[in-house]
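Single-structure report; data block below.
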Amino acid sequence: LNREEGDGAWCPAGQLQPSDVQYLQLDLRQLIFLTVVATQGRYARNSGNEFARKYRLEYSRDGHRWISWRNRFGSE
Numbered sequence: 002l003n004r005e006e007g008d009g010a011w012c013p014a015g016q017l018q019p020s021d022v023q024y025l026q027l028d029l030r031q032l033i034f035l036t037v038v039a040t041q042g043r044y045a046r047n048s049g050n051e052f053a054r055k056y057r058l059e060y061s062r063d064g065h066r067w068i069s070w071r072n073r074f075g076s077e
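Position in the sequence shown (from 1) plus 1 gives the number in the numbering used here.
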């Protein structure tokens with residue numbers, strides 16, 4: 002992602018429809034305490050701006066059972 006060549010962003014392989022679901026899964030290989038998660042859009046040349054309008058975080062310790070992250074007030 003952090004490269005000077007190409008578009009410098011993760012993108013799905015093909016064109017998406019509004020009803021499509023996509024995800025990015027990271028394997029951090031050990032238990033990590035994350036304090037900040039940020040997203041950044043990109044200018045897609047002649048296609049306009051591309052960015053995530055919303056996203057949901059889920060986590061798993063075993064890669065099979067996924068839990069939606071909630072803040073201390075219970076909101077996703």
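Ideal Cβ positions, reconstructed from N, Cα and C, are used throughout, including at glycine.
Assumed close pair residue i, residue j - CB separation to whole angstroms, cut-off 8 angstroms
i: residue 1; j: residue 17; result: The chain is shown only over 2 to 77; residue 1 falls outside these bounds and no answer can be derived.
i: residue 1; j: residue 68; result: Limits of the chain in this structure are 2 at one end and 77 at the other, which puts residue 1 out of reach.
i: residue 23; j: residue 13; result: 5 angstroms
Reduced DSSP category for residue i - H, G, I as helix; E, B as strand; rest coil
i: residue 1; result: With the chain covering only 2 through 77, there is no way to say anything about residue 1.
i: residue 20; result: coil
i: residue 56; result: coil
i: residue 72; result: coil
i: residue 77; result: coil
Cβ shell of residue i (< 7 angstroms), same chain only, five flanking positions each side left out
i: residue 54; result: none
i: residue 21; result: none
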